[in-house]
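Chains as they are written, first to last, in the numbering used here: chain C, 82 to 441; chain X, 82 to 441; chain F, 883 to 1070; chain H, 883 to 1070; chain D, 609 to 689; chain L, 609 to 689; chain G, 3 to 252; chain W, 3 to 252. Yeah, the Cβ is synthetic: ideal placement off N, Cα and C, and Gly gets one too.
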Amino acid sequence: MSEKPIQGEKRVFMTGNEVVAWAALAAKADIMYGYPITPQNEIMHYWTRMAPKFGRKFLQTEDELSAGFTTLGGVLSGRKAFTATAGPGNTLMQEPLSMAEMMRIPSVVVIQQRGGPSTATVIYSQQEVTMTTFGGNGEGFRIVYSTSSHQELFDYTIKAFNTAWKYRFPTFVLADGYQAKMRESLSIYDPEEKGIELVKPEAAIGKPAVDGKKEPVHVRNTYNTEEELLAVLTGYMEDYQKCAPEIIEYQEFDCDDADVVVVSHGVVSRAAKGAVQELRKEGLKAGFFRPVTLRPFPADQLRSVADKTKTLLFVESAFGQMAKLAKEGIFGSTVNVDTLFKPGVGITSEEIVAKVKGLL
Amino acid sequence: MSEKPIQGEKRVFMTGNEVVAWAALAAKADIMYGYPITPQNEIMHYWTRMAPKFGRKFLQTEDELSAGFTTLGGVLSGRKAFTATAGPGNTLMQEPLSMAEMMRIPSVVVIQQRGGPSTATVIYSQQEVTMTTFGGNGEGFRIVYSTSSHQELFDYTIKAFNTAWKYRFPTFVLADGYQAKMRESLSIYDPEEKGIELVKPEAAIGKPAVDGKKEPVHVRNTYNTEEELLAVLTGYMEDYQKCAPEIIEYQEFDCDDADVVVVSHGVVSRAAKGAVQELRKEGLKAGFFRPVTLRPFPADQLRSVADKTKTLLFVESAFGQMAKLAKEGIFGSTVNVDTLFKPGVGITSEEIVAKVKGLL
Amino acid sequence: MAKAIKIALAGEGGQGVQSVAQIIAEAANEEGREALYIPNFGVEQRGGVSVAFLQIGEEQIGSPKFQTADIVVALSDRAVRRTRQYVDGNTTFVYDSSIEGVEKDIPQNAGRILAIPAVETSRTELHPRVFNIIIMGAVIKATNVVSEDQARAAIEKKLGYKFEQNPKLRELNFKAITRGMELVEKAQ
Amino acid sequence: MAKAIKIALAGEGGQGVQSVAQIIAEAANEEGREALYIPNFGVEQRGGVSVAFLQIGEEQIGSPKFQTADIVVALSDRAVRRTRQYVDGNTTFVYDSSIEGVEKDIPQNAGRILAIPAVETSRTELHPRVFNIIIMGAVIKATNVVSEDQARAAIEKKLGYKFEQNPKLRELNFKAITRGMELVEKAQ
Amino acid sequence: MSVALKTFSHKGEKGYWTVFPGLCKGCGLCVEKCPKDCLKWSDQLGVYGTPTIEPEMDKCIACGICANVCPDCAITVEKNK
Amino acid sequence: MSVALKTFSHKGEKGYWTVFPGLCKGCGLCVEKCPKDCLKWSDQLGVYGTPTIEPEMDKCIACGICANVCPDCAITVEKNK
Amino acid sequence: MSTLPQMPKSWRLESKPHKFCPGCGHGLVLKALGEAIDELGIQDRVAFGCDIGCSLLAWDFFNVDTVQTHHGRTTPVMTGIKRANPDIICIAYMGDGGGYAIGSQHLVNAAARNERITAILVNNCNYAMTGGQMAPTTLPGMKTETSPYGRDVEQSGYPTQGPEMVAAITREGAYVARGTIANLKQLKSYLKKALENQMAGNGFSFVESLASCPTNWRTNAKDTWAFVEQEMPKYFKVGEIKNPAEKGDE
Amino acid sequence: MSTLPQMPKSWRLESKPHKFCPGCGHGLVLKALGEAIDELGIQDRVAFGCDIGCSLLAWDFFNVDTVQTHHGRTTPVMTGIKRANPDIICIAYMGDGGGYAIGSQHLVNAAARNERITAILVNNCNYAMTGGQMAPTTLPGMKTETSPYGRDVEQSGYPTQGPEMVAAITREGAYVARGTIANLKQLKSYLKKALENQMAGNGFSFVESLASCPTNWRTNAKDTWAFVEQEMPKYFKVGEIKNPAEKGDE
Ligand SMILES: Cc1ncc(C[n+]2csc(CCOP(=O)(O)OP(=O)(O)O)c2C)c(N)n1
Ligand SMILES: Cc1ncc(C[n+]2csc(CCOP(=O)(O)OP(=O)(O)O)c2C)c(N)n1
Ligand code: SF4
Ligand code: SF4
Ligand code: SF4
Ligand code: SF4
Ligand code: SF4
Ligand code: SF4
Ligand SMILES: [Mg+2]
Ligand SMILES: [Mg+2]
């Protein structure tokens, strides 16, 4: 029953949604709670097929509010619980996630972005960046990994559970409909066999009695005075700022002498990478910068790139949601800024190459 | 029955929630849909008392999702409809509001910010700025007025209906628990008597037949291809950018020779105003800048202030939600930036004075 | 900017501090001054101490709440403990002399500390019902935020309909104001 | 970066373009090449044209969708109209010669235009069921993205369990590949 | 309407039977419901390129059930008077 | 527990009756429910500064209803054995 | 000798063939609805709201004012319209997922408030638009994408009895019925009564219809009918459940 | 001769006097619940979830693991806990607004799925925490802050019959009852049965209790009791509605 879902390491060719299901199994996720929404559905489809074989559980809820809140219940009871959603479901998920932020509940959520606002399209976008990093009535005490390939979807889904349980901030794997539905190759593996330690979950509710004595736990999200709240939030902010440097991840290349650095995240960064390589081949000085964590944002890292280059070109399948994070992060920089924004639509290397050439 | 709620102009002393109810009456709002939440409740309390006397309607719904969606229904049918909420209710309201953005439904929403994230406090904050300006799975096709006094609550609530129906973007009056619950004086008036024209609403659904012939209307928020969506959003963005200059409002004084300009919005700007006046009295070169519209943000206006001064001091009852809008708006400026952030807690002139002195 | 006068009033649920604050605010408003009054509120108000924040000045008031007040009035032991935080060297701290067991809690850093026998006065001389009006008298005496006349007018406006039915009540209330003012005078 | 080969396959719901794309992608993957396949999807897929986007190269593929393809295969009139947009001067446009009424819709800007009698071949020579395998043969011939052997192996992997029960099916499928390749050769 | 309204009509003893291939999606619901079992698949293709249907008019009683159960209104039946 | 558990106890023929003013909020629910009508308001103040209650022990039958209906568990009644 | 297809007058010819799959029950429910609208002569006064779910494919289905809303939110949108302009005859059209899961708070509260709207719910035992997941109405043992080993009633309970639930919280004036595409005449009569109930200002009206989803059921025509006619009625009783016209139903 | 108040053992003395108003029905329901927990001896195994509403004031009320959730969301949080760790006895405690309005989709779907949790709903005819607005349970003609002229059944419908609605969608194994603070012994017995039903793994259990809110009703003790004992039962029938122990309730 509970033997390891993956033995050793193997190369597979599958959809991103299947990848997520495998990764959650590999990360020893105990239970998934979910509500259908395209393009996330197949995570549940694969999970419901595989989970029972490994003693894992699933609950289909009545909506995303419930999927989010049941996930929080699962986590509170000391289980590695997760959910997945997209678009309008992500909008609704902000209510439970705001509770997770306030109560430091290490929930894991996979987002497969689709077109917005509203129902829009069920296909693809990068328009859920603002909401995933700073949604709800709070201050963004969250961690957001933006993946770009199936290998990363696998790696970061596993990592998300570790990050969440270690730092106790709700953690998101932010992908998109393309990553969800496309097939490409990757290696899947058992993380522990690879030396990746899996952080152990701990119960808040239902912790067993110690020496026959049970110390009841009382957790809440409501405070009676403004000052109580300020004290709590100030503590959280300190925690967040302290762990941020440990969490931040990014990628860059060819930035040292670049005239234009293409800044992009997620699946768009694949096209950006190709474009920069192409431009370099043509002898044009392009560079590549990609935040992997959108929250915390690799601001210092981008700033030092900005200090070296003439222009940052922000490329996104949204109207500048990542660019906003970047600009606030490197405020004070006088680097030129240009944009290639296509909300809800994929971006190709060719378009980026053309855009960069127009800037040079 | 339907005589004017306010004859002429008169000075009154009341709570902010009462002010909103009077303003909505004065603006000829036809119907309010709402769900209780502190500190917004008394808007409904006053509305339910007064509305029937003037032939206006009210529906208490089962939650904020319903309050939002019924409001959209009301607007679609050609009525001036509005709702009011706060905190977790605002979080939920993002789902209907994302539909309003997509379908250009001129809904009006009054927000009385309270502590966040989660239930937090029922009292006060400025922590709903990110969510109100850019919430949901969209791109922030909204208009947000941040008020600072009862007079403004009255003026801008009336204005919000005009702005919404003229430009057809969902429009918010963003206030807070302090403004909701405090009493101070203001003048209330009949806008038309004052020469303020009230924009006429128009029905999308249920428009009467013309010459016995009814042209059915079909409105939707879902598109089948990415390209269709991009075309729609590009058009919206163009519309938004075109009308933004007409909509933007801000206040500033004493900025020309200032060493430090205090940037704040909403009720905090009252303390900031007092602080700057105090500092000037002491001969210290402080200036005042306040965005009234947080979305669209008065970026150019703030930029020219930033160009003249040494330091911008962002002061907010939040962890920099307005500051983010400002920094992205004036990106490229090299002005120094300092902050006084107290999420969920009021800020006094004395604190600002002390902070500014520390910077000089 | 002439600084506004900042007043914090605190008491138990039934002691009527909110209506005192509101009447004073309205009186000031009637005088054409700028007044801003806000009650404290939270989820656990049920049995909590009730605090009223009141500011009166010549220009628009800044922040609705403040960190230290010019005058703090505390009407119960819990109110004393709850409002210590609003006191500094410029604060006049007024409390009812009948409150027991708060010796250690009286904020000694206050500029002035006045104990007034408002509870007793209301019980023995007037009527427990006008206890809060005595407090109102005390506040306007200690702060001069509104004139006695204006205070009377404000009470008339607020309670006039009751006075119609029972003119004695008017007298009682007006006496209460005067007594409240006297108590402060004496305590000073 | 060696450019990846970009393939768009489009047809009606029952024509099996998605499985063709998937099998080719898996075959390329087995050969150790980088393959990325994504179907189109949307809310109105019910009766819509089905499009498969497939890219095969030596390095990780960039964007999952593309603006113009190296080869476009269209298997119905609606598919022809739907896929015109992916054609430019470097594109080989392949369509079934049995499709009627699309003369005006064939993208004349294509680098090469090939009409192949796949429907007819499947009906008359083989079996309607292997229509999509003929298409697969055509695609691998036109692009050389995978070897014929690898294509066979991939089919074996996918349908092996059916071949066990009915070995004739294997032969039919393999023949279909070969015929598909021939059709393209002939058309060129 | 993306497809021209081509019709295939059949005259029978009891009535006049028509299918609109441009509307028929070949679902077969009508086939199953015909009380006389007189509908069969046709060589003509419907809107999705799948076979449409045709009646054996000698069996058809023009009861209209097939038209009734067609979710696409692809059949009309007129009873002879 | 923010208030010390001061008690006021009364001994009667039928039992022993105690109120904890530190718990009593003066709601009066007990007063209404006493079958012998023997509870009245006391000079002692409860936790919110409102009067608490006291029994007329000569009427009290130690039925415990008052204790039962007190939402704050401010009363205990022990029946004599 | 017809040259035009015999569609309900209120159907919009320009958007036909409609976007539903071959054999989809939505088409039949909307045919019954279209005929009901025609027979009541209310085409110009109707506002049709369609939910997200396959219902959304009906966004341009009728020649009546139509608004496509969010998943589960059609009830409040139409309620909002009705409250603001009671002259409009409001129809909220949704799936079983939209009505019984994500939108159930709206459904039960609109029913409890006796909103003068007509809600029509297509019960096809699954979440069809998203590719066939388990719905509140999925039958015991039935395989879906999220119940790959069959719906386990121990884990997921029995199929939701929607109209029965709605009936339990409505009072006078409500109309509640369950029809089926297997009896279109009856279904149309229920829909007509539901609309008439709204027009009379009596109160909330609700009609569930059993309907086919051959695509996700993976059924051929024969099995489709068998499922609708034999399997579904085992759990869902067809008939009128509450009718204000009848006496003593309270 | 007691020197300690006679509180249920599971009550947390340190947080007493509790935060509810004088005369609040929540205190009585929680007393009955505390006694039920004591009598079943399950204090160490219970997880108590409280909703936003005056229920939140119970966040440190018991000496049992407690989680305060969001308005209307206690049902899913406790469901999530129960599904992840079935050894925990889960109680979801909420108000009528939380249960019948904003959280009604959770309540009806948890009931339909037969979740093994115990939901307890305090019916005080209003939204108390927010200052006394109309609730789904507000009585006809009753004045509240949002029905200042009295609840108009034409506009707002009749009071929601919660347990009846829940009963309509549950099947075997569910326990559903309505108690009242006017009969605490009965209420306690219902609560015990509800918890036992969960412990036995039978299914969902739901107890509504009629309860007082003197603060928002603006009633003195006498009128408080009169309202609970005379007015509320006119619309809310006290008793067991579904009991798996009894035969033939299906
Ligand atoms: C908030 C939200 N959650 C989820 C979805 C995804 N979604 C779209 S349709 C649908 C299911 C529709 O099922 P049903 O209501 O039964 O209608 P059907 O397609 O079966 O007719 C879901 C879950 C969404 N659009 N919005
Ligand atoms: C999403 C959301 N909407 C609204 C509120 C405000 N709110 C808090 S408690 C409450 C009403 C509580 O009423 P009920 O559930 O009946 O409990 P009671 O206070 O009457 O016991 C409301 C509307 C909230 N906290 N969150
Ligand atoms: S009209 Fe009747 S008999 Fe004729 S084909 Fe149709 S169903 Fe069959
Ligand atoms: S029911 Fe209609 S669509 Fe289906 S096969 Fe028959 S004619 Fe064609
Ligand atoms: S024990 Fe019984 S008789 Fe005695 S005071 Fe209490 S209720 Fe009254
Ligand atoms: S019921 Fe309890 S709290 Fe209320 S008055 Fe009696 S003893 Fe006091
Ligand atoms: S998926 Fe099912 S419900 Fe949706 S259109 Fe197709 S057959 Fe109809
Ligand atoms: S407001 Fe009502 S429900 Fe809330 S604590 Fe007070 S009496 Fe109880
Ligand atoms: Mg369905
Ligand atoms: Mg309540």
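Inter-residue Cα distance where the pair is residue i and residue j
i, j, result
"GLN322/X", "THR77/W", "44 Å"
"VAL437/C", "GLY170/X", "44 Å"
"ALA86/G", "ASP53/G", "20 Å"
"THR1025/F", "GLU409/X", "47 Å"
"THR152/X", "PRO117/X", "15 Å"
"LEU6/G", "SER17/G", "15 Å"
"TYR270/X", "ALA107/X", "8 Å"
"GLN900/F", "ALA352/X", "24 Å"
Beta-carbon separation (whole angstroms), residue i vs residue j, contact threshold 8 Å
i, j, result
"PHE94/X", "ASN911/F", "4 Å"
"GLN135/G", "ASN128/G", "7 Å"
"THR200/X", "HIS72/W", "6 Å"
"GLY27/W", "ALA228/W", "The Cβ separation is near 14 Å, so there is no contact."
Residue i and residue j closer than 8 Å at C-beta
i, j, result
"ALA903/H", "ALA934/H", "yes"
"ILE938/F", "ALA917/F", "yes"
"CYS632/D", "ILE661/D", "yes"
"GLU220/C", "VAL426/X", "no"
"THR182/W", "SER211/W", "yes"
"PHE63/G", "TRP13/G", "yes"
"MET184/C", "ASN302/C", "yes"
Residue i at chain C interface by Cβ criterion, 8 Å
i, result
"GLY893/F", "no"
"HIS72/G", "yes"
Per DSSP, the bridge partner or partners of residue i
i, result
"CYS52/G", "GLN70/G and TYR95/G"
"THR120/W", "ILE93/W and SER207/W"
"ILE953/H", "ILE889/H and THR974/H"
Cutoff 8 Å: residue i Cβ touching any chain W Cβ
i, result
"GLU182/X", "no"
Contact with chain X by residue i, beta-carbon distance below 8 Å
i, result
"GLN8/G", "no"
"SER945/F", "yes"
Interface flag, residue i vs chain G, CB-CB below 8 Å
i, result
"PHE616/D", "no"
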